[in-house]
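Peer 1: Got a structure for you, questions after.
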Amino acid sequence: MIAAASIEGFFLIKGGIHKADYSEKKSNWFKAGRISDFEMNKTYPFTSGHFYLRRFEDGGFLAMSVKCTHLGCIVNNDAGSGGFHCPCHRSQFDKYGEVLSAPATRPLDTFPIEIRNGEIWIDTYQPVKRKSFDKSQLSYVS
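Quick note on the working numbering: the sequence shown kicks off at 4 and runs consecutively.
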């Protein structure tokens with residue numbers, strides 16, 4: 004009986020340690036390029052990173068997922084409007100990734116950005132879900 008309890012206790016402790024490993028913050032940083040490579044008010048596709056990087060007129064950067072928030076189809080950039088459209092079910096998004104027309108009900112997901120030594124780095128590990136655009140989501144050169 005004591006042996007069985009000891010074995011069960013061992014697996015409970017081991018399971019707790021194993022779960023702790025998964026709770027650590029993970030990341031997958033993608034080097035997008037030098038700040039000077041990106042023109043103001045333009046969107047850049049990064050197919051290997053699965054995101055669009057937009058530099059706005061005020062110099063702020065926003066990295067948005069290429070996946071439509073409706074069913075995950077790949078959205079296309081509309082160079083004319085600066086926004087995005089989904090070819091599958093016709094959802095439309097503005098340049099900030101906010102929904103202009105359904106069936107999508109929330110904006111495109113974003114990815115964290117860091118600016119290091121004049122270079123733009125995007126953490127593509129896990130997209131950030133959002134309810135709307137807020138200027139605080141933009142990253143600026145400090």
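Quick reminder that beta carbons are idealized off the backbone N, C-alpha and C, glycines included.
At what residues does the beta strand (DSSP E) containing Met67 begin and finish?
Peer 2: Start and end: Phe64 to Ser68.
Peer 1: Between the Cα of Arg57 and those of Asp137, Cys71, Ala107 and Gly86, spot the shortest distance and give me the residue it belongs to.
Peer 2: Among Asp137, Cys71, Ala107 and Gly86, the Cα nearest to that of Arg57 is on Gly86.
Peer 1: Just tell me which of Tyr55, Asp137, Arg119 and Pro130 has its CA closest to the CA of Ser145.
Peer 2: Of Tyr55, Asp137, Arg119 and Pro130, the residue nearest in Cα terms is Arg119.
Peer 1: Under 6 Å Cβ to Cβ from Lys132, same chain only, skipping five residues before and after it: list those, please.
Peer 2: Asp112.
Peer 1: Measuring alpha carbon to alpha carbon, tell me which of Lys29, Pro90 and Phe114 ends up nearest Tyr99.
Peer 2: Nearest C-alpha to Tyr99: Phe114.
Peer 1: Starting from Thr46, trace the beta strand (DSSP E) both ways and give me its first and last residue.
Peer 2: From DSSP, the beta strand (DSSP E) with Thr46 extends over Lys45 to Phe49.
Peer 1: With distance defined between alpha-carbon atoms, name the residue in Phe96, Ser139, Ser142 and Ser104 nearest to Ala82.
Peer 2: Looking at the Cα atoms, Phe96 is the closest of the given residues.
Peer 1: Sorted by chain position, which residues of the same chain lie with C-beta nearer than 7 Å to Asp126's C-beta, five sequence neighbours on each side aside?
Peer 2: Cβ within range, chain order: Ser30, Asn31, Trp32, Phe114 and Pro115.
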